[in-house]
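Enquirer: Just passing along the structure, written as structure tokens.
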Amino acid sequence: MADYDASTDARTPLPAVWHYLANLQGAERDAWRLADVRDRPSAEERNLPDEYPFGWFVVGYSDELDKGEVKSIRYFGKELALWRGHDGVPRVIDAYCVHYGANMAHGGKVHDNYLECPFHAWRYDGEGAVKEIPYARVIPPQARRKDCVPSWPTQEANGQIWVWYHPDRIAPLWDLMIFDEVGHPDWTPYKKFEWNVFSGIEHMADNGVDISHFRFVHGASTVPDYKISYTGIQRAVLAEIKLNTPRGIVEGKIDALSQGPGQAWVKFSGLSETLMVSGITPVDRDHLKVRFAFTQPKAQAGSRLAEALIADICSQLDQDKVILDRHKRMDPPLICDGDGPFGRNRVYYSQFFVSTNPTSKLAA
6 MADYDASTDA
16 RTPLPAVWHY
26 LANLQGAERD
36 AWRLADVRDR
46 PSAEERNLPD
56 EYPFGWFVVG
66 YSDELDKGEV
76 KSIRYFGKEL
86 ALWRGHDGVP
96 RVIDAYCVHY
106 GANMAHGGKV
116 HDNYLECPFH
126 AWRYDGEGAV
136 KEIPYARVIP
146 PQARRKDCVP
156 SWPTQEANGQ
166 IWVWYHPDRI
176 APLWDLMIFD
186 EVGHPDWTPY
196 KKFEWNVFSG
206 IEHMADNGVD
216 ISHFRFVHGA
226 STVPDYKISY
236 TGIQRAVLAE
246 IKLNTPRGIV
256 EGKIDALSQG
266 PGQAWVKFSG
276 LSETLMVSGI
286 TPVDRDHLKV
296 RFAFTQPKAQ
306 AGSRLAEALI
316 ADICSQLDQD
326 KVILDRHKRM
336 DPPLICDGDG
346 PFGRNRVYYS
356 QFFVSTNPTS
366 KLAA
């Protein structure tokens, strides 16, 4: 990898950073997207929220978890164990065994559909109850209860594995969106990209309505013409934008829909028909896992234009990441008439935080 330390971002002129990024290719660019940003200011100094919003969040892709496989994952400031039973169903519970505290995601194994602790072979179902202790005649009553080890509602949709998070352990309040294109024989398998972004999740939501930055960060020839609407837990965006491509500037259209804080899709047309399925999941207070997965009609897949669109979209998040990795939350931000609807977006987003919506009552 080229000689560049992510910890120098704050002292490196942004255009120089973007020039550096433009020269990264393949594995080097992937490594940069996932690398830790050392010596970044603390979450407290950056005024990042000390709570996570509730909703559905992606924790992996379906094709990356085999039957009988256990994976260690960390989200919402917690160590979790993800496994797929021999019945094909994925399950998630907190990682630590209630017996003697072993991390069951490290060395644990799948026994039938149970997660078996590597220390003493206590076996848990997907609701966090102990179902078997091979050496004991009687399972303690407390261990037999649901959520003896906290469990996480888990679903598979759109080729992804999702968990429901609520700090008060309230059951899911809405369903996941389903996309007919994913897995359709006329559409390509996912082309996947991942980033570690060291910021709060609300910043990513604000970034979606930040109209003016498209010109100054992403090099759009003009500020896009955006129409943004809010309906209950959904935020819809319709944009007309000019894209820089190898054949020059091409007019494009972007339709986007977010449902809750963790799930969104974006449909691109004009340049190349493309569906991007995104998932943004908090790892810790100042750390997000961002996933973009692209599918396109097989008839156009692999064309220079189709590939250029995906590359341009990912490059834009690279550019945003440079800023977001050290971004401070301004509460409220000082905005002008050329900015997007930050205030309205904050109101929309506040319904997903228990501190501002203690009854979890969602907008109509």
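Using my numbering, the first residue of the sequence shown is number 6, and each one after it goes up by one. Positions of the beta carbon are idealized from the N, C-alpha and C atoms, including for glycine.
What are the boundary residues of the alpha helix (DSSP H) that R296 is part of?
Expert: Per DSSP, R296 belongs to no alpha helix (DSSP H); it is in the beta strand (DSSP E), H292 to T300.
Enquirer: Where are the alpha helix (DSSP H) runs, 4 residues long or more, that stay fully inside the stretch 189–246, in chain order?
Expert: 206–212 and 218–221, all fully within the stretch 189–246.
Enquirer: Along the chain, where does the beta strand (DSSP E) that runs through Q165 open and close?
Expert: Looking at the DSSP string, the run of the beta strand (DSSP E) that includes Q165 is Q165 to Y170.
Enquirer: What are the complete beta strand (DSSP E) segments, minimum 3 residues, inside the stretch 290–356?
Expert: Listed in chain order, they are 292–300.
Enquirer: Output yes or no for whether 8 Å exceeds the beta carbon distance between G267 and I285.
Expert: Yes, Cβ-Cβ distance for G267 and I285 is below 8 Å.
Enquirer: Along the chain, where does the alpha helix (DSSP H) that runs through L39 open and close?
Expert: Note, L39: alpha helix (DSSP H), G31 to L39.
Enquirer: By alpha-carbon positions, which one of G265, E121 and Y66 ends up nearest to T236?
Expert: Ranking the options by Cα distance to T236, first place goes to G265.
Enquirer: Bridge partners of M67, per DSSP?
Expert: Rather than Met, the amino acid found at residue 67 in this sequence is Ser. Answer by DSSP bridge pairing: none, since S67 is not bridged.
Enquirer: Checking 8 Å against the spacing of the C-beta atoms, do F59 and Y80 come in under that value?
Expert: Result no, Cβ atoms of F59 and Y80 do not sit closer than 8 Å.
Enquirer: Considering only residues of the stretch 61–141, which uninterrupted beta strand (DSSP E) runs meet the minimum length of 3 residues and lie entirely inside it, listed in chain order?
Expert: The qualifying runs are 75–80, 83–89, 95–99, 114–116, 119–121 and 135–137.
Enquirer: Can you tell which of D215, E121, I233 and A107 has the C-alpha that lies nearest to the C-alpha of L329?
Expert: For the residues D215, E121, I233 and A107, the minimum Cα distance to L329 belongs to D215.
Enquirer: Check the C-beta distance from A311 over to Q301 and give it rounded, since I have them as a contact under 8 Å.
Expert: Contact flag correct, Cβ pair sits at about 6 Å.
Enquirer: Name the one or two DSSP bridge partners that L26 has.
Expert: DSSP output for L26 lists no bridge partner at all.
Enquirer: Using 10 angstroms around the beta-carbon of F357, count the other beta-carbons present and answer buried if the total reaches 16, otherwise exposed.
Expert: F357 comes out buried.
Enquirer: My understanding is that W88 touches L53, with C-beta atoms under 8 Å, so please give their C-beta distance in whole angstroms.
Expert: The pair is not a contact, with the Cβ atoms about 31 Å apart (cut-off 8 Å).
Enquirer: Which of the three DSSP states, helix, strand or coil, is assigned to A261?
Expert: Of the three classes helix, strand and coil, the one that applies to A261 here is strand, per DSSP.
Enquirer: Residue range of the beta strand (DSSP E) that A269 falls in?
Expert: Run containing A269: Q268 to S274, per the beta strand (DSSP E) assignment.
Enquirer: Using CA atoms only, rank isn't needed, just tell me which of D291, Q160 and A261 is closest to G65.
Expert: Here the closest residue by C-alpha is Q160.
Enquirer: Can you list, in chain order, the residues of its chain with a C-beta nearer than 8 Å to that of K326? Leave out the 5 residues immediately preceding and following it.
Expert: If we look at K326 and ignore the five residues flanking it on each side, its Cβ neighbours are R38, W200 and V202.
Enquirer: Taking 7 Å as the limit between beta carbons, can you name the residues of its chain near Y353, skipping five residues before and five after?
Expert: Cβ neighbours of Y353 beyond the five flanking positions: Y235 and R240.
Enquirer: Exposed or buried, M335, counting other C-beta atoms within 10 Å across all chains shown (16 or more means buried)?
Expert: With fewer than 16 other Cβ atoms within 10 Å, it is exposed.
Enquirer: Candidates D260, A86, S283 and D130: which alpha carbon is nearest G275's?
Expert: Of D260, A86, S283 and D130, the residue nearest in Cα terms is D260.
Enquirer: Apart from the five residues on each side of it in sequence, which residues of its chain come closer than 7 Å, Cβ to Cβ, to D71?
Expert: Result list for D71: R89, in chain order.
Enquirer: Check whether the Cβ atoms of G188 and G164 lie closer than 8 Å to each other.
Expert: Yes. Within cutoff.
Enquirer: What is the C-beta distance between D99 and V168, in whole angstroms, given that I count them as a contact (C-beta under 8 Å)?
Expert: 11 Å between Cβ atoms; not a contact.
Enquirer: What span of residues does the alpha helix (DSSP H) with A48 cover, start to end?
Expert: Taken as a continuous stretch (DSSP letters only), A48 belongs to no alpha helix (DSSP H), as it is neither H nor E.
Enquirer: If I measure Cβ to Cβ from T17 and keep anything under 7 Å in the same chain, skipping five residues before and after, which residues do I get?
Expert: Because the pLDDT of T17 is 48, which lies under 50, any placement of that residue in the model is unreliable, and the question is left without a value.
Enquirer: List the endpoints of the continuous alpha helix (DSSP H) containing A162.
Expert: Note, A162: premise wrong, no alpha helix (DSSP H); beta strand (DSSP E) at T159 to A162.
Enquirer: Between P172 and A304, what straight-line distance do the alpha-carbon atoms span, to the nearest angstrom?
Expert: The alpha-carbon atoms of P172 and A304 are separated by roughly 45 Å.
Enquirer: Expressed to the nearest angstrom, what Euclidean distance is found between the alpha-carbon atoms of K232 and K83?
Expert: Going from the Cα of K232 to the Cα of K83 covers about 37 Å.
Enquirer: Would you please state the rounded distance, in angstroms, between the beta carbons of S156 and A110? I believe it to be under 8 Å.
Expert: Not confirmed; about 14 Å, so no contact.
Enquirer: Per DSSP, S283 is paired with what?
Expert: BP columns for S283 point to A269 and F297.
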